[in-house]
Amino acid sequence: MSGRCVVTTAVVTGAARGLGAAVTRRLVDRGLHVVAVDAAEHVVAPVDYPRASPADLMALQQVSQDVSIAQIDAAQQGELHDIVERAVGQHGPLVAVVAAAATIEGGQPLWETDPEVLERLWHNDVRTVWATAAVTVPHLLAAAQEGHDAAFVAIASAAAHRGLWHLSAYCTVKHAVLGLVRGLAADLKGTGVTAVAVSPGSMDTRMLAETARIYGLPDTSPLAEAQTTGAALTPEEVAALVETACFSGPALHGSVLHADGGFTL
1 MSGRCVVTTA VVTGAARGLG AAVTRRLVDR GLHVVAVDAA EHVVAPVDYP RASPADLMAL
61 QQVSQDVSIA QIDAAQQGEL HDIVERAVGQ HGPLVAVVAA AATIEGGQPL WETDPEVLER
121 LWHNDVRTVW ATAAVTVPHL LAAAQEGHDA AFVAIASAAA HRGLWHLSAY CTVKHAVLGL
181 VRGLAADLKG TGVTAVAVSP GSMDTRMLAE TARIYGLPDT SPLAEAQTTG AALTPEEVAA
241 LVETACFSGP ALHGSVLHAD GGFTL
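Here it is, written out as structure tokens:
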């Protein structure tokens with residue numbers, strides 16, 4: 001890829017590992033310059049499972065010279081604004097945004113859940129998506145006016161479509177992500193910019209391992225068995241659908257794509 005002229009830009013939040021890293025690699029392979037954003041160890045809200053590290057984020061730069069990294073909390077709109085402005089100025093119009101930053105917490109019924117759990121998840125899983133949209137959509141609109149296909153894709157969850165035991169706060173915020181995408185899609189009517197949500201089920205990531213811990217399971221196998229695939233999906237498998245959502249044009253506008261392997265829990 002060295003020496004190639006990059007003419008379009010993408011932004012991926014939650015990019016340091018898991019689904020975000022897989023999406024970053026796919027978009028680079030497609031020929032975009034990708035701004036990989038992740039709070040890494042500086043995530044505002046504490047989480048019990050190992051966080052992405054600065055080394056995880058820096059490893060993305062080994063993928064290609066067409067990856068630039070930004071270790072910031074995606075909910076910090078001002079910082080994100082400056083980073084996106086610079087990237088567009090250097091690498092061309094912003095045509096794809098994937099808001100994948102999120103954490104998970106749980107383990108108690110709603111009435112025993114500390115309200116701070118909901119506050120933390122609201123910050124990490126909803127405010128990050130809101131701020132990412134607020135910063136990037138004006139650039140997507142400009143790209144659409146120049147004739148580019150442009151898309152905003154938010155990562156929701158199977159928890160956005162059903163109640164999950166001892167994960168009431170997580171279900172709440174993931175339902176909110178769907179509402180955000182649907183409201184954004186209505187606001188984008190007739191603009192040429194597509195807004196889509198993708199809802200993964202059990203995916204082989206640290207978050208799935210944390211879900212197993214919350215449920216007191218020895219490993220993730222019982223969660224994977226809740227999918228009719230009989231196995232957890234890989235981040236790469238879900239990233240393929242996210243890439244499709246980024247470049248399928250108006251047919252998917254306002255849609256929710258289920259990347260859940262037949263999740264039945």
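Just so you know, my numbering puts 203 at position 203 of the sequence shown, and the rest follows in order with no gaps.
Where is the CB? At the ideal position from N, CA and C, for every residue including glycine.
Residue burial classification, residue 221 (beta-carbon count within 10 angstroms, cutoff 16): Locating residue 221 in the sequence shown gives position 221, where the first residue counts as 1. Exposed, because fewer than 16 other Cβ atoms sit within 10 Å of the Cβ of residue 221.
Contact the region 233-245 vs the region 130-147: 3+ CB pairs below 8 Å: Result no; under three Cβ-Cβ pairs closer than 8 Å.
Other residues of its chain near residue 293: CB distance less than 6 Å, five sequence neighbours each side excluded: Only positions 1 to 265 of the chain appear in the structure, and residue 293 is not among them; the question remains open.
Beta-carbon proximity of residue 102 to residue 73, cut-off 9 Å: Counted from its first residue, the sequence shown places residue 102 at position 102. Counted from its first residue, the sequence shown places residue 73 at position 73. Result no, Cβ atoms of residue 102 and residue 73 do not sit closer than 9 Å.
Per-residue DSSP class, three states only, for residue 155: On the sequence shown, residue 155 is found 155 positions in, with the first residue counted as 1. Note: residue 155 maps to strand in three-state DSSP.
Alpha-carbon to alpha-carbon, residue 88 and residue 68: On the sequence shown, residue 68 is found 68 positions in, with the first residue counted as 1. On the sequence shown, residue 88 is found 88 positions in, with the first residue counted as 1. So the alpha carbons of these two residues sit roughly 12 Å apart.
Sub-9 Å separation of residue 135 and residue 71 beta-carbons: Locating residue 135 in the sequence shown gives position 135, where the first residue counts as 1. Locating residue 71 in the sequence shown gives position 71, where the first residue counts as 1. Taking a C-beta distance under 9 Å as the contact criterion, residue 135 and residue 71 do not qualify as a contact pair.
Three-state secondary structure (DSSP) of residue 217: Working through the sequence shown from its first residue, we reach residue 217 at position 217. If DSSP states are grouped into helix, strand and coil, residue 217 belongs with coil.
Residue 7 - DSSP class collapsed to helix/strand/coil: The residue you call residue 7 lines up with position 7 of the sequence shown. Coil, per DSSP.
Beta strand (DSSP E) segments (min. 3 residues) lying fully within the region 180-207: Here the runs fully enclosed are 193-200.
Validate contact between the region 153-169 and the region 98-117 using beta carbons, cut 8 Å, 3 pairs: Yes, they touch.
Residues that DSSP places opposite residue 258 in a beta bridge: Your numbering for residue 258 matches position 258 in the sequence shown. Paired residues: 199.
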